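Novice: Numbering (our numbering), first residue to last: 3 to 205.
(1) Is it true that the CB of residue 70 sits closer than 8 Å to the CB of residue 62?
(2) May I ask you to list the residues that DSSP assigns as paired with residue 31?
(3) From which residue to which residue does the alpha helix (DSSP H) around residue 105 run?
(4) For the region 140-155 against the region 178-190, do three or more pairs of beta-carbon atoms, one drawn from each stretch, fall closer than 8 Å, so that the two count as touching?
(5) Cβ of residue 120 within 8 Å of Cβ of residue 102?
(6) Pop quiz: residue 155 and residue 112 are said to be a contact at Cβ under 8 Å. What is the actual Cβ separation, rounded to whole angstroms?
(7) Note down the Cα distance separating residue 171 from residue 159, rounded to an integer number of angstroms.
(8) Using the rule of at least 16 other Cβ atoms within 10 Å of the residue's Cβ for burial, across every protein chain shown, is residue 51 buried or exposed?
(9) Suppose you measure from the CA of residue 108 to the CA of residue 65; what does that come to, to the nearest Å?
(10) CA-CA distance, residue 76 and residue 176?
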């Protein structure tokens, strides 16, 4: 079986090289691109595999990159790498069609698993979200306060802002956030946001 192709798009040469090495050792066929502009200029009509890109890049950033890929009719799954404080950008990326987002610094296995999942979903021609009903069932288990915290997270707000808006402490927000993730069965913030967006899009 041929190796799945992963296109790494990042303006930082050290990041490109380290990701290239990591993914090659995980048996992916890696293609390195120094910018979204360079990738789009050389992209074939049918892009294989998936794309891993940083959200913050000079010129065409990760969000605009997603928009241009979709505008050109490319259905390739895109995984966006964000900084720890870039929740708003991560949420925006998901709304623009990103398959997933990974917060830096990330565990190598988290990225590899996200890529494998994206490639698998593409190969299975997943175009609907059969889990939407299950997600909404879990949403119904949340308390009013937990739902408010979730809404804040999906809006891209940091914990301190959510705390201020709700008149509670940041620590209390963290507790509610942990409870929400547990009730929703979310293993990460990106997973939680993705589920909330799926339920919203299908609801």
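Virtual Cβ for every residue (Gly too), placed ideally from N, Cα, C.
As the structure is a computational prediction, the values presented were derived from the model and not from experiment.
Specialist: Quick look at the numbers:
(1) yes
(2) 7
(3) Residue 105 -> not in any alpha helix (DSSP H); beta strand (DSSP E) instead, spanning 102-105.
(4) yes
(5) yes
(6) 19 Å between Cβ atoms; not a contact.
(7) 15 Å
(8) buried
(9) 20 Å
(10) 38 Å
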